[in-house]
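> Got a structure for you, written out below as structure tokens; questions coming shortly.
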Amino acid sequence: MGALLLYILKSTICLILFYLGFKALLSNDTFFRFNRWVLLVGIATCMLLPAIKIQTSEPLLIQQPIIHLEKMIAGEETVVTYLSDNNPEVNMIPVVTPAKMIDWGQIIALLYWAGFIFCLMTTLLSFRKMFVLIRSGRKLQQGRYTLILVPSCVSPFSWGRYIILSEEDYEKHPDEILTHEMMHLKSHHSIDLLFMECILWLHWFNPAIWLLKRELKDIHEYQADKGVLTQGVDATKYQLLLVKKAVGSSLYTLANSFNHSKIKKRITMMLKGKSNNWARLKLLLLVPVGLIVLNAFARPEVNRQLETLVQSKDKETPPEEQQDMKSFFKTELDSYMKKVEPQTAFEPDEIIAFMKKNTEPKDLFINAKGDVLLNNDFANYKEKEQFLGKLQDLFEKSKKPVSFYFLIDINTPEEATEAVLHLVKEAFDKRQKVVGADKAPFLLFEDARNNKNFPRKVSMAQSSKKGTVYIIQNKKVVGVINGDVADYKLPDFSKDMVTIQPAGKDVSSSRLNSVKDMIEKNGFSCQINTSVFKNGDALPPPPPPPSPDAYVAFNYKNGGKEQGLIVYERYLKNTNEIDKRFNSIYNDDISSVTITVYKKAPDGMLDGVEKYLKDKIKYDVEYIVKRE
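If you use UniProt numbering, the sequence shown corresponds to residues 1 to 628, in order.
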């Protein structure tokens with residue numbers, strides 16, 4: 001919801017600036033068709049500008065108010081930061097927010113949706129009234145259009161291919177009114193109003209969009225009036241008719257009414273001479289406004305921000321203290337796992353699965369430079385209150401207990417690791433005082449990658465002769481390709497730019513290009529970094545998964561794609577994991593099952609797999625056994 005509110009806020013700023021610019025520059029010109037398209041394209045542009053992502057080399061002063069509003073909407077403690085190359089110091093102005101007594105974000109969201117629904121219902125009711133009137137009137141076909149005559153006194157209007165007017169107006173002023181409404185229909189003004197109505201649903205609170213809609217309807221009337229006069233209708237007679245009909249009112253927000261707009265302004269526009277063609281160039285004055293808005297919505301590059309972070313002056317913390325803190329979290333984690341599942345003995349690679357099931361895991365990574373990535377968001381642990389605020393925000397937004405997956409890069413400064421661990425413990429302490437120890441246990445998990453002797457390069461045992469290629473996104477390794485590119489299955493990750501990088505000099509350019517082609521065929525943007533992957537390029541890659549004990553392939557009668565099932569010995573002891581995968585690929589038309597058992601598989605593996613499959617598949621299929 002915060003992202004939607006932020007988008008609405010940005011587009012509101014654009015619409016207000018656009019209305020002021022249009023009103024000052026073009027609203028009095030007689031380029032009715034030109035002005036109509038300026039309004040429509042301008043409004044559409046205002047809706048698209050907030051979605052354009054631009055990065056600047058360093059934060060600009062004009063960006064600070066938008067950044068401040070973003071943090072307010074996200075509910076974070078606001079710290080306005082000014083960075084520059086000329087001034088290496090970081091000036092931070094904390095904005096203290098009061099204790100959260102009322103969830104203002106939720107209240108604003110409820111009010112917004114209430115207004116949205118009200119405007120939507122108003123539009124639907126207007127539609128209903130209009131079509132009830134259309135069905136009740138007498139119909140006369142007028143070429144491509146249908147004339148609806150109603151006995152009641154109603155202000156003439158048009159919509160789609162219908163022209164609606166009273167029997168009295170049809171008898172007394174058929175030529176002027178019909179010609180006027182036909183001009184609306186020929187110009188497809190109904191589509192403009194429908195477009196504006198959709199924007200109004202999103203921006204019902206914004207006076208600028210209501211004023212822009214009025215400007216557009218005025219231009220519609222100017223176009224229709226001009227069309228009437230060019231058909232040879234007497235100007236004086238037509239203007240008197242406008243004055244006479246001005247006493248009526250329209251109840252249909254989506255229709256073009258004959259008596260709409262200020263009569264004086266319409267008559268003035270009829271009598272006004274044609275504007276100079278060069279006056280259209282005034283539109284170019286809005287271009288700098290658009291560029292300023294784009295810069296205000298831009299964001300500084302993360303790398304640039306990190307370069308200007310304040311260097312820590314703390315003394316190095318002895319490794320013994322860091323180890324004590326790690327032992328504390330390990331003890332607390334073991335205690336929590338035994339409490340939740342006392343009968344289960346967890347292997348190291350199963351702890352993450354346990355945490356995903358019972359908690360809300362958050363990433364907490366530190367690289368060799370001491371930079372911290374907290375749940376995919378850069379955080380400066382040296383700014384203690386800001387860092388604690390981010391941790392508390394994660395706690396408050398989580399429905400389950402929060403756990404942290406702690407990953408330390410090779411050669412990470414000891415003081416950085418110790419400081420982060422202490423801050424995490426302090427954040428847990430504060431959370432426990434609010435919700436209790438049971439709802440906020442100390443949960444922080446490390447794995448083998450935190451070993452400071454973790455090799456800088458993938459060992460030859462883990463790499464194929466073709467060479468290892470890392471897939472990196474947002475400074476994080478999201479995949480490692482060791483074998484054939486064709487056999488590699490891309491993991492799930494975002495649509496952001498992907499970078500591929502070789503693990504060593506033995507990786508050929510043709511292999512890198514093959515990986516790039518494979519990634520791009522899957523719909524991702526990809527670039528190649530030919531320099532050898534080294535410490536600091538990204539967080540350390542995950543270790544390759546252990547070799548499976550067996551592999552099961554399913555073939556289907558209807559020619560469907562072959563599906564596979566990887567089996568470990570432990571899966572046969574506790575079948576929860578294999579059950580999920582089996583249920584996702586199982587159906588009733590399996591023709592054959594191929595079971596491949598690998599050399600390192602323990603004794604009895606084949607019998608266990610066959611028993612599991614025969615318990616699950618209740619009809620006759622062909623079983624094929626292979627050993628590799």
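Where a beta carbon is used, it is the ideal one built from N, C-alpha and C, also for glycine. Please read these numbers as outputs of a predicted model, since none were measured by experiment.
Give the single residue among Glu221, Pro174, His180 and His173 whose Cα lies nearest to the Cα of Leu193.
Residue Glu221 is the option with its Cα nearest to Leu193.
> Ser11 by DSSP, collapsed to three states: which one?
Residue state, collapsed to three classes: helix.
> What do you get for Leu284, buried or exposed, if any count of 16 or more other CB atoms within 10 angstroms of its CB means buried?
The residue in question, Leu284, is exposed, as its Cβ has fewer than 16 Cβ neighbours within 10 Å.
> On the three-state DSSP scale, how would you describe Glu622?
Here Glu622 sits in strand by DSSP.
> Spell out a yes or no on whether the region 547-554 and the region 515-526 are touching, meaning 3 or more CB-CB pairs, one atom from each, closer than 8 Å.
In short, these stretches do not touch, since the Cβ pair count stays below three.
> Near Phe329, which residues of its chain fall below 7 Å by C-beta distance, leaving aside the five closest residues on each side in sequence?
If we look at Phe329 and ignore the five residues flanking it on each side, its Cβ neighbours are Phe442 and Leu444.
> What does the Cβ neighbour count give for Lys618, buried or exposed, with the cut at 16 atoms within 10 Å?
Lys618 should be labelled exposed.
> Go ahead and pull the three-state DSSP assignment for Trp204.
Correct three-state label for Trp204: coil.
> Less than 8 Å separating the beta-carbons of Val150 and Ile164?
Yes; because the gap between Cβ atoms is below 8 Å, this pair is in contact.
> What's the C-alpha gap between Met337 and Lys580?
Roughly 22 Å between the two C-alpha positions.
> Sort out for me which residues DSSP pairs Gln501 with in a bridge.
Partner(s): Tyr470.
> Starting from the C-beta of Leu364, find all residues in its chain whose C-beta is less than 8 Å away, skip the five residues before and the five after it, and write them out in chain order.
The residues are Val372, Leu373, Leu374, Asn375, Phe404, Tyr405, Phe406, Leu407, Val420, Val424 and Leu444.
> Any heavy atom of the ligand PLP closer than 7 Å to the beta-carbon of Ala224?
Among the components of this structure there are no ligands whatsoever, and the ligand PLP is therefore not found.
> Following the continuous beta strand (DSSP E) through Val150, name the residue where it begins and the one where it ends.
Run containing Val150: Tyr145 to Val150, per the beta strand (DSSP E) assignment.
> Between Leu5, Thr236, Lys213 and Asp218, which lies nearest to Ala44 when the distance is taken from Cα to Cα?
Residue Lys213 is the option with its Cα nearest to Ala44.
> By how many angstroms is the C-alpha of Asp496 removed from the C-alpha of Ile472?
If I take the Cα positions, the gap works out to 10 Å.
> Cα-Cα, which of Tyr470, Asp484 and Arg144 is closest to Gly504?
Comparing Cα-Cα distances from Gly504 to each of Tyr470, Asp484 and Arg144, the minimum goes to Tyr470.
> Using alpha carbons as the reference points, say which of Lys600, Leu147 and Gln563 lies closest to Phe582.
The residue with the shortest Cα to Cα distance from Phe582 is Gln563.
> Below 8 Å between beta carbons: does that hold for Ala486 and Ala550?
Not a contact, by the Cβ cut-off of 8 Å.
> Can you give me the C-alpha to C-alpha distance between Leu110 and Ile8, rounded to a whole angstrom?
Distance between the alpha carbons of Leu110 and Ile8: 15 Å.
> Write down the C-beta distance between Leu39 and Glu197 rounded to the nearest angstrom, noting that I regard them as a contact closer than 8 Å.
Actually they do not touch by this definition, with Cβ atoms about 14 Å apart.
> Tell me whether Arg161 sits in a helix, a strand or coil according to DSSP, three-state version.
Arg161 falls in the coil class under three-state DSSP.
> Taking DSSP's pairing of strands, which residues face Asp377 in a bridge?
For Asp377, which the question treats as bridged, DSSP gives the partners Leu374.
> Would you mind stating whether Leu49 and Phe205 have Cβ atoms separated by less than 8 Å?
No; because the gap between Cβ atoms is not below 8 Å, this pair is not in contact.
> I'd like to know if Ser11 contacts chain C, where contact means its C-beta is closer than 8 Å to some C-beta of that chain.
The structure shown contains no chain C; it is built from a single protein chain.
> Please tell me whether residue 629 and Ala353 are closer than 8 Å, where the distance is taken between their beta carbons.
Outside the displayed range of the chain (1 to 628) lies residue 629, so it cannot be described from this structure.
> Just list the residues that DSSP pairs Arg138 with in beta bridges.
For Arg138, which the question treats as bridged, DSSP gives the partners Leu149.
> Going by beta-carbon coordinates alone, are Pro502 and Gly467 separated by less than 8 Å?
For Pro502 and Gly467, yes; Cβs fall inside 8 Å.
> Could you tell me the boundaries of the alpha helix (DSSP H) in which Val485 lies?
Premise fails: Val485 is in no alpha helix (DSSP H) and is neither H nor E.
> Check each candidate in Glu171, Gly115 and Phe127 and name the one with the smallest Cα separation from Gly160.
When each option's Cα is compared against that of Gly160, the closest is Phe127.
> From Glu176 to Phe31, what distance separates their C-alpha atoms?
Glu176 and Phe31: Cα-Cα distance of roughly 23 Å.
> Please work out which residues of its chain come closer than 7 Å, Cβ to Cβ, to Val515, disregarding the five sequence neighbours upstream and downstream, and give them in chain order.
Cβ neighbours of Val515 beyond the five flanking positions: Val469, Ile481, Val485 and Ile500.
> Do you know how far the Cα of Phe493 is from the Cα of Asp607?
Taking the straight line from one Cα to the other gives about 37 Å.
> Inspect the beta-carbon positions of Thr594 and Glu628 and report whether they are closer than 8 Å.
Cβ distance not < 8 Å, so Thr594 and Glu628 don't count as in contact.
> DSSP beta-bridge partners for Pro361?
DSSP lists Ser403 as partners of Pro361.
> Check whether the Cβ atoms of Asn411 and Ala379 lie closer than 8 Å to each other.
Not closer than 8 Å, so no.
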